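S.K.: According to the working numbering, the sequence shown is numbered sequentially starting from 1.
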Amino acid sequence: MEKAFADTAFAALPLLLGAHQIVESVVWSSGGGSGPATVAWAVVALPLLAVWVPAGVWCVAPARARPRLAVPLAVGVATAVPLVHALATRPVTAEIRGRTVGYMIDLAHPALLVAGYLLATVGSLLLSGDRRLVVLGLLAAVGAAVCWTLWRLEFISTWCAFAALCSVVLLDWVRARAKSSARPHQNA
1 MEKAFADTAF AALPLLLGAH QIVESVVWSS GGGSGPATVA WAVVALPLLA VWVPAGVWCV
61 APARARPRLA VPLAVGVATA VPLVHALATR PVTAEIRGRT VGYMIDLAHP ALLVAGYLLA
121 TVGSLLLSGD RRLVVLGLLA AVGAAVCWTL WRLEFISTWC AFAALCSVVL LDWVRARAKS
181 SARPHQNA
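#1: Going by DSSP, which residues form a beta bridge with R97?
#2: Using DSSP with H/G/I as helix, E/B as strand and the rest coil, what is G31?
#3: Mind pulling the alpha helix (DSSP H) runs of 4 or more residues that sit fully within the segment 2-49?
#4: For A78, which residues of its own chain have a beta-carbon under 7 Å away from its beta-carbon, when the five flanking residues on both sides are left out?
#5: I'd like the ranges of any alpha helix (DSSP H) spanning at least 4 consecutive residues and lying wholly in the segment 107-155.
#6: For the pair the segment 95-103 and the segment 123-139, tell me if three or more CB-CB distances fall below 8 Å.
#7: Buried or exposed, going by whether 16 or more other CB atoms sit within 10 Å of the CB of A37?
#8: Could you compute how far the alpha carbon of V44 sits from the alpha carbon of R66?
#9: Give the secondary structure of W173 by DSSP, where H, G and I count as helix, E and B as strand, and everything else as coil.
#10: Looking only at its chain, what residues have a beta carbon closer than 6 Å to the beta carbon of G191, apart from the 5 residues adjacent to it on each side?
#11: Return the chain-ordered list of same chain residues with a C-beta closer than 8 Å to the C-beta of L13, the five sequence neighbours on each side being excluded.
#12: By how many angstroms is the C-alpha of V122 removed from the C-alpha of A19?
#13: Select from A40, S34 and F10 the residue whose C-alpha is nearest the C-alpha of Q21.
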């Protein structure tokens, strides 16, 4: 895969997360419920990110890291399948709970799906072999633990907001990649 395309696809993650937060603002302003914004939010939060993050990490990781990244990528795909099925066959609802939004969907084996989701997203960053992405993975792991501890019922909403904030670390990664890509051309 061409490096520029792979970098762009992964570096677009903050845009996706930002758009995701805009969608959540629509959910918030509509008072929750089960409208199109709620479903769109769930599609991004659940199956899309479970695949996008590990696939993006696999694409930009050093070649030596890719064999170990196949595991979180496979887990992400395996996690996304039942999530897509649930979103296609069951209602998704959002409820404003104080200062957060709680999302409800009837999932079989939710603990297993959360474990798979975190292994796919956070695990891929931790196994990436790229120092900045490992730092992002550590921040995401700490953020997930904090969000879970503080907002158990609203974990997924607060976790996604935290992930959007972590996108600042991706900006550092993009800048570092741009500098390293520019160096060989400057010497040529």
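Beta carbons are placed, not taken as given, at the ideal position from N, Cα and C, and that holds for glycine.
All values derive from a computational prediction rather than experimental measurement.
M.R.: This is what the structure holds:
#1: T100
#2: coil
#3: 3-11, 13-29 and 36-43
#4: G116
#5: 110-118 and 131-150
#6: no
#7: buried
#8: 25 Å
#9: helix
#10: There is no way to answer for residue 191, as the model of the chain reaches only from 1 to 188.
#11: W52, V53, G56, S167 and L170
#12: 20 Å
#13: A40
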